[in-house]
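Take a look at the structure below.
In structure tokens:
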């Protein structure tokens, strides 16, 4: 399983209890650093060192037993981890990368290390894609919750994840695994080959490891649960729709046209919000207000009066990818006390995601030759018959938008390390350099200028490309018109990181309770990136793809740290051992200047089997290169439904339009730009808009204060241990952007942020509306130092094992987390909202437990994953919201392994044994939170390991 073998057993306390607390007697053999224990969260190695912070370890065996093809999938079962990038992020922004998110504070706020060293980042936020780590060499993973910046530097706010690799591999190992969902899709193949051994009479060791993963995608419509989804309220279809708008036609003309289709007079009312659609044959139908004359186009999956098509037809719920990795390391003992080492890692990830075709509102002149006769009659009856009119169009003729991404990442590390007998210590000096190249190709992009040229051409574009462009009905494109209208965009991003570091640790002097030990070091680090978007993206000239400007920049930091471990008491009543730790780090950033981080911690063994531990740490996170330098770019943002307490509150039917402040709300809507003629019946049919984000070189580092207090009890000879740790992490000056939902909720005072309903309120100023339709065109989301984040709770870990000599073994373990609060303050001095127990944030209760039985060459186990009941996020800012929450969820997994002989071991398992379907989140069928709940159903896996 994934559980938890925390460094809880008081191993050193037992070792030290056999010694005298006095100074070492002459002639006694002093323990060397070969006997010392090194714990993640400290640079100090000591015989008696046990973690003063909550520390969970996960073994390679437990990771393998989950049957997952990515390290992220297995680790995210632990309650300490929130939602990071994963295989379910299959929308048009999905990349196939996998990241870790400790405490739900953001993947950029925890530090991922490989054998205690920084890995090459994969994004502009300095976040690591952990799936480039060679899985066949993983010895275990150690997870520390809480700040560790004084020890490791920037980014270690929520904690540290340190992946430890085997350092003495000899022989050849082949690992192979295949997994598939019960529906027969989503097949994943994993294959790795590792070989290594000693050379030069054992003075050197070298290892090489190669792996390959191929994962199929899963279509959105392949699951019954998602087929229930209406796909959103949308009238933008491939055949096109025409909205009457403010330039209304005459009722008589509309009645005359629809009488041909059998409609009674007035059946199609002339209002500003009436939509007419075009059937495949060019005839008209009423799209809303009681749909009429829809002739069943294959492109129209829904006709509910609020929607015509399902936007999820081309979507995926699992990102397909192919990944290759290579890892090599060599060590050589130059002398008895000095070792040289070198290491390289490389990974290549190719992923593919798809989304529905792009859409736009096209301004069409009345001179367009393709206008159907029935529509032409209606247009001629308008108040201004010669004005252009708008056709809402989804460009299915260009095909779905697809995004093919290629991530190529490498890192080299070279260094020397050794023992320093004078200090009973060690030293390590190394340099690393890494680079990530990202290539992104997007297909199905309609070029705005080409479209406008075709639409406005007197002959409909026939002279520009064969057949021209007919936007009405089911549009088809000739090869020539496709070449003219549709483009493929190419963009490239480069990330680089360089690190120089020198570390020294050892003993200073002896106290009555033991040796005072220290660590100190110097470091320098530089991160750089460059982004070169396609020319069309820079111009904002593509429909359905965000406009992006070229950008780039670098940051660097020089650092000095010192750490000490001081034994205060030993062998005293109620003080079997009492140690305190201190650390300080000074970091000088080229942009934001100097910052200080520090920590104080203690471990207090009252008796041999009962230990208290605690810490206070000040941590920082400096702005990443992306947060500083990314040029303004647009993205598509959904902001929710009014029915769920979210969305555009100017919409007719919004509770705010009929509440006590209805007049003030309506006045705000008018001041923002909703036309007065449209306001009475204004309907937001899209519930999404563009959003603009950009970097900010004026950012300052985030700071965090972390407190932990815990107890560890391991009764001698019982095979049982329990650890309970309370944590409190508060991050201030949080670097981030507002969500579109937050901007709207604050502008309309749903959270008390605009009590005067003023149009010049900070949040309202971020909203840009269309002067003609009143709809939201864009929401600005600047990057800046915002308010705060705070989470507080308790982790409990239990382990029990029993071994019957030569017969069997039984092991039970459980990790449980209770989160008391997850506070979000958007702006400094603003309202603080507690999102604990809210879907998409942090569950109040989360646990993973396992029972494993082994006998001889056979082993089997059962895993139970528990997720507590959660409420809908709308209730946090709107307590009156009636949107239902989600009941508690239970998942069960079964697994087993069988060693056929000394060479070959088979393993197999079933995840989501009971084939649990995801819950509905919110009031819309087919809507869930894919990163929180299992959306795929039962999964089978089988694997083989061969060792030679």
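Numbering (our numbering), first residue to last: 40 to 987. No residue lacks a Cβ here, since even glycine has one placed at the ideal position from N, Cα and C. Note that the structure is a prediction, hence the values are computed from the model and not measured.
Residue 187 to residue 866 span [Cα, whole Å]
26 Å
Once DSSP output is grouped into helix, strand and coil, what is the label at residue 644?
strand
Residue of 259, 748, 896, 545 minimising C-alpha distance to residue 127
259
Verify whether the separation of the beta carbon atoms of residue 198 and residue 141 is less than 8 Å.
Residue 141 is positioned such that its CB atom lies closer than 8 Å to that of residue 198.
Closer than 7 Å by C-beta to residue 325: which residues in its own chain qualify, once you throw out the five before and the five after it? Chain order, please.
307, 315, 331, 332
Quick one: give me the first and last residue of the beta strand (DSSP E) that residue 537 is part of.
It spans 525 to 550 - the beta strand (DSSP E) in which residue 537 sits, taken as one unbroken run.
On a Cα-Cα basis, can you pick out the residue from 250, 666, 765 that is closest to residue 775?
Scanning 250, 666, 765 for the CA closest to the CA of residue 775 turns up 666.
How is residue 419 classed by DSSP in three states: helix, strand or coil?
helix
What are the residues that DSSP puts in a beta bridge with residue 244?
237, 370
Burial state of residue 599, where buried means 16 or more other Cβ atoms lie within 10 Å:
exposed
Measure the beta-carbon distance from residue 980 to residue 218 and round it to whole angstroms, keeping in mind my assumption that it falls under 8 Å.
4 Å
Just checking my contact of residue 741 with residue 798 at CB under 8 Å: how many whole Å lie between their CB atoms?
Contact flag wrong, Cβ pair sits at about 32 Å.
Any contact of the region 166 to 177 with the region 230 to 248, i.e. 3+ C-beta pairs under 8 Å?
yes
Pairing CB atoms from the region 467 to 484 with CB atoms from the region 502 to 519, are three or more of them under 8 Å?
Segments in contact, no.
Runs of alpha helix (DSSP H) lying entirely within the region 920 to 970, each at least 4 residues, in chain order
none
Taking residue 122 and residue 921 to be in contact with their CB atoms under 8 Å, please state how far apart those CB atoms are, rounded to whole angstroms.
Between residue 921 and residue 122 the Cβ distance is about 26 Å, and since that is not below 8 Å, they are no contact.
Which first and last residues belong to the beta strand (DSSP E) in which residue 894 is found?
884 to 894
Look up residue 453 in the DSSP assignment and give the residues it is bridged to.
381, 470
Straight-line gap, residue 143 to residue 827 (C-alpha atoms, nearest Å):
14 Å
Straight-line CA distance for residue 464 to residue 548?
Taking the straight line joining both Cα atoms gives about 12 Å.
Alpha carbon of residue 519 to alpha carbon of residue 492, nearest angstrom:
15 Å
What's the gap between the Cα of residue 377 and the Cα of residue 150?
29 Å
Residue 726 versus residue 675: straight-line alpha-carbon distance, rounded
A direct Cα-to-Cα measurement between residue 726 and residue 675 gives close to 11 Å.
Give, in chain order, every unbroken run of the beta strand (DSSP E) that is at least 3 residues long and sits entirely within the region 187 to 224.
198 to 204, 210 to 220
Below 6 Å CB to CB, which residues in the same chain sit around residue 213 once its five sequence neighbours on both sides are set aside?
232, 985
Does DSSP put residue 82 in a helix, a strand or coil?
coil
Give me the residue from 852, 906, 886, 892 with the minimum Cα distance to residue 877.
Checked all of 852, 906, 886, 892; the closest Cα to residue 877 is 906.
Going by DSSP in three states, residue 328 sits in which element: helix, strand or coil?
coil
Flag this pair as yes or no: are the beta carbons of residue 484 and residue 514 separated by less than 8 Å?
No, Cβ-Cβ distance for residue 484 and residue 514 is not below 8 Å.
Tell me whether residue 611 is buried or exposed, calling it buried when 16 or more other Cβ atoms sit within 10 Å of its Cβ.
exposed
Can you give me the C-alpha to C-alpha distance between residue 541 and residue 553, rounded to a whole angstrom?
26 Å
Assumed close pair residue 995, residue 829 - CB separation to whole angstroms, cut-off 8 Å
Because the chain spans 40 through 987 in this model, residue 995 falls outside it and cannot be assessed.
Cα-Cα separation between residue 537 and residue 452, rounded to whole angstroms
10 Å
To test your reading of the DSSP string, which unbroken beta strand (DSSP E) runs of 3 or more residues are found completely within the region 546 to 628?
Runs found: 553 to 571, 590 to 611, 614 to 628.
Starting from the C-beta of residue 988, find all residues in its chain whose C-beta is less than 6 Å away, skip the five residues before and the five after it, and write them out in chain order.
What the structure shows of the chain is the stretch from 40 to 987, and residue 988 is not part of that stretch, so it cannot be assessed.
Taking the continuous alpha helix (DSSP H) assigned at residue 665, which residues delimit it?
664 to 668
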